[in-house]
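Working notes, beginning with the structure itself.
4 protein chains.
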Amino acid sequence: MTAQDCAERVRDLMYAEDSAAQALGIRIDAIAPGEASLSMRVQAHMANGHRICHGGFIFTLADTAFAYSCNSYNQRCVASAAAIDFIAAAQVDDVLYATASEVSRGRRNGVYDVRVTRQDGQLIAVFRGRSASIKGQFFETE
Amino acid sequence: MTAQDCAERVRDLMYAEDSAAQALGIRIDAIAPGEASLSMRVQAHMANGHRICHGGFIFTLADTAFAYSCNSYNQRCVASAAAIDFIAAAQVDDVLYATASEVSRGRRNGVYDVRVTRQDGQLIAVFRGRSASIKGQFFETE
Amino acid sequence: MTAQDCAERVRDLMYAEDSAAQALGIRIDAIAPGEASLSMRVQAHMANGHRICHGGFIFTLADTAFAYSCNSYNQRCVASAAAIDFIAAAQVDDVLYATASEVSRGRRNGVYDVRVTRQDGQLIAVFRGRSASIKGQFFETE
Amino acid sequence: MTAQDCAERVRDLMYAEDSAAQALGIRIDAIAPGEASLSMRVQAHMANGHRICHGGFIFTLADTAFAYSCNSYNQRCVASAAAIDFIAAAQVDDVLYATASEVSRGRRNGVYDVRVTRQDGQLIAVFRGRSASIKGQFFETE
Numbered sequence: 000m001t002a003q004d005c006a007e008r009v010r011d012l013m014y015a016e017d018s019a020a021q022a023l024g025i026r027i028d029a030i031a032p033g034e035a036s037l038s039m040r041v042q043a044h045m046a047n048g049h050r051i052c053h054g055g056f057i058f059t060l061a062d063t064a065f066a067y068s069c070n071s072y073n074q075r076c077v078a079s080a081a082a083i084d085f086i087a088a089a090q091v092d093d094v095l096y097a098t099a100s101e102v103s104r105g106r107r108n109g110v111y112d113v114r115v116t117r118q119d120g121q122l123i124a125v126f127r128g129r130s131a132s133i134k135g136q137f138f139e140t141e
Numbered sequence: 000m001t002a003q004d005c006a007e008r009v010r011d012l013m014y015a016e017d018s019a020a021q022a023l024g025i026r027i028d029a030i031a032p033g034e035a036s037l038s039m040r041v042q043a044h045m046a047n048g049h050r051i052c053h054g055g056f057i058f059t060l061a062d063t064a065f066a067y068s069c070n071s072y073n074q075r076c077v078a079s080a081a082a083i084d085f086i087a088a089a090q091v092d093d094v095l096y097a098t099a100s101e102v103s104r105g106r107r108n109g110v111y112d113v114r115v116t117r118q119d120g121q122l123i124a125v126f127r128g129r130s131a132s133i134k135g136q137f138f139e140t141e
Numbered sequence: 000m001t002a003q004d005c006a007e008r009v010r011d012l013m014y015a016e017d018s019a020a021q022a023l024g025i026r027i028d029a030i031a032p033g034e035a036s037l038s039m040r041v042q043a044h045m046a047n048g049h050r051i052c053h054g055g056f057i058f059t060l061a062d063t064a065f066a067y068s069c070n071s072y073n074q075r076c077v078a079s080a081a082a083i084d085f086i087a088a089a090q091v092d093d094v095l096y097a098t099a100s101e102v103s104r105g106r107r108n109g110v111y112d113v114r115v116t117r118q119d120g121q122l123i124a125v126f127r128g129r130s131a132s133i134k135g136q137f138f139e140t141e
Numbered sequence: 000m001t002a003q004d005c006a007e008r009v010r011d012l013m014y015a016e017d018s019a020a021q022a023l024g025i026r027i028d029a030i031a032p033g034e035a036s037l038s039m040r041v042q043a044h045m046a047n048g049h050r051i052c053h054g055g056f057i058f059t060l061a062d063t064a065f066a067y068s069c070n071s072y073n074q075r076c077v078a079s080a081a082a083i084d085f086i087a088a089a090q091v092d093d094v095l096y097a098t099a100s101e102v103s104r105g106r107r108n109g110v111y112d113v114r115v116t117r118q119d120g121q122l123i124a125v126f127r128g129r130s131a132s133i134k135g136q137f138f139e140t141e
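Structural data, given as structure tokens:
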């Protein structure tokens, strides 16, 4: 099994269980070892008290891209920490794109960067997440 | 009008517009100048591909507590950056409590800390947000 | 041996090897399990191109307080990540005080907060560090 | 005056005042608008209580690269916040290279990324800094 096959299989198994991504309408547009590209349309229920997209949903999209990239090796990982810088606001009906790439990956921990952009290419946010390996795999390997 | 009256009025006006907080079932349990306490029950649609609460929703709860605390002076503020450390996982049906307090508040920027705990007191996450003032108020002051 | 005795012994052994803290004139004013209070006078060579204390030295003081607090259990730890928010500038000859406290401590990782204040009580910076255990102890325990 | 000329002139004026960079032996190897490459040899006085380079000095090098990149437009800026992830340890006599690049730059705030590597190309740390404009320029423009 190639690393790319592995990443695709994890994506399928992970997404099937991923109620949050499904409920938010997040799509996994591309996957590769240590990389993932996702998209999400900002829905009306994601607006906050300023009537712009709640930063929590921008974070959630980025965090989901992070999760698909760091889990792509079939070793379960979770975020131990994450940080986000918000660059520009997003509005309802904007489509947001999150692209995750691997900065570093060790036995127990990894660091991943995610850029979130809008349909017109405007940078919306940058996210950096730290992964920690936990027990378990998505599928058994012989 | 006292600072406490101001904070309560902002909370009411902000929450009425806050589709995200409403849709997530977030409750504003307490408010004071620079402080806010919120709670949220983890719902099934908040579970991720590991079947635990997606970190994005823990972040969103914390970010919402941050927003109510930093906006409590009736000067509109948004998050320019935020960081979260995840301490323990939350499960579906857990009730999460987020308590925001002010670390520092300047003319343009502020720093706020949020602790997220579970119904049994276990610390779930710590969040630190940076606020930036934007134009506008929630209500006019004479 | 009490936890307090352990913390004090680690402090002594660690400081004896700590060329950086010594060279910067950092003093370990107090130590306890998971806690440390340090101080440092801002020297002329710590000024940056704006003629104020270089943020790197404020970070270094905070990071040192973090190190003494997370190593106080005689299990060697290093920082895997840290973040700092700068609140106010420090000038040459200011005395800075860094107080570290434990937010969370697990088997492998911990989270520690450090507040840096000035001689007049003004908050200068807040720091949050993540510790990771590495192999080794400062002294053998039977 | 071109943007590149401006960046070089700021570098010269800033470095002449930058006691910290000079005292640490930091060299400004390259400068461009929004970008800077620096290097520093890890000296014996930079070792911490584990006998490896104190993270504070790795941060200081990265923060200095950040400072030269964000000030390169001749508008004075300081760091309002910064975060660092430590990937690998550095030893005394290692030479560290810090390369800063601009993620985003607005009227008041910017975001800059810095990668710190070792002489053999090993990634040592990644740093992300937030700049805030303050009053003043390094040289007068007519």
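Chains as they are written, first to last, in numbering that gives the first Met the number 0: chain A, 0 to 141; chain B, 0 to 141; chain C, 0 to 141; chain D, 0 to 141.
By construction, the Cβ of each residue, glycine as well, lies at the ideal position given by its N, Cα and C atoms.
Bear in mind the structure is a predicted one, so any value in this text is a computation, not a measurement.
Legend entry - CA-to-CA distance, T140 of chain A to A131 of chain B, given in whole angstroms: 49 angstroms
Inset, instruction - Classify M13 of chain A as buried or exposed, calling it buried when 16 or more other Cβ atoms lie within 10 Å of its own Cβ. - result: buried
Inset, instruction - Would you mind telling me which residues of chain C sit closer than 7 angstroms to V91 of chain B, beta carbon to beta carbon, in chain order? - result: What V91 of chain B touches in chain C: nothing, since even the nearest Cβ is about 23 angstroms away.
Inset, instruction - Compare the C-beta of D84 of chain C with all C-beta atoms of chain B and state if any pair is closer than 9 angstroms. - result: By this cut-off, D84 of chain C is an interface position.
Inset, instruction - Just the C-alpha distance for A29 of chain C and G55 of chain D, rounded to the nearest angstrom, thanks. - result: Spanning the two alpha carbons is a distance of roughly 20 angstroms.
Legend entry - Element boundaries [beta strand (DSSP E), containing T116 of chain D]: 108-117
Inset, instruction - Output the distance between the C-alpha atoms of A22 of chain B and H44 of chain B, rounded to the nearest integer angstrom. - result: 12 angstroms
Legend entry - Where D28 of chain D sits in the DSSP three-state scheme: strand
Inset, instruction - Compare the C-beta of A131 of chain D against all C-beta atoms of chain B and say whether one is closer than 9 angstroms. - result: At a cut-off of 9 angstroms, the C-beta of A131 of chain D has a neighbouring C-beta in chain B.
Inset, instruction - Please list the residues of the segment 94-106 of chain D that have a C-beta atom closer than 7 angstroms to any C-beta atom in chain A, keeping them in chain order. - result: Here the close residues are V102, S103.
Legend entry - 9 angstroms Cβ cutoff met for G109 of chain A and R127 of chain A: Contact: no.
Inset, instruction - Examine chain D for any beta-carbon lying closer than 9 angstroms to the beta-carbon of V125 of chain A, and answer yes or no. - result: yes
Inset, instruction - Determine the burial state of F85 of chain D: buried for a count of at least 16 other Cβ atoms within 10 Å of its Cβ, exposed for fewer. - result: Counting other Cβ atoms within 10 Å of its Cβ, F85 of chain D reaches 16 or more and is therefore classed as buried.
Legend entry - Contact list for N108 of chain C against chain A, beta-carbon separation under 7 angstroms: S79
Inset, instruction - May I ask which residues mark the beginning and end of the beta strand (DSSP E) holding T1 of chain C? - result: Run containing T1 of chain C: none; DSSP gives neither H nor E here.
Legend entry - Own chain residues within Cβ distance below 6 angstroms of T98 of chain B, not counting five before or after: S36, R114
Legend entry - Beta-carbon contacts of A64 of chain A that lie in its chain and below 6 angstroms, excluding the five residues immediately before and after: Within the same chain, A64 of chain A has close Cβ partners A35, L37, A97, A99, V113.
Inset, instruction - Out of A:Q74, A:A20, A:A124, state which residue places its alpha-carbon closest to the alpha-carbon of R107 of chain A. - result: A:Q74
Inset, instruction - Indicate the three-state DSSP secondary structure (helix, strand or coil) for F126 of chain C in the structure shown. - result: strand
Inset, instruction - Check the Cβ of L122 of chain D against every Cβ in chain A and list those closer than 8 angstroms, keeping chain order. - result: V102, S103
Legend entry - V102 of chain B - DSSP class collapsed to helix/strand/coil: strand
Legend entry - Which listed residue (C:R10, C:K134, C:I57) has its alpha carbon closest to that of S165 of chain D: The displayed coordinates of chain D run from 0 to 141. Any statement about residue 165 of chain D would go beyond what the structure contains.
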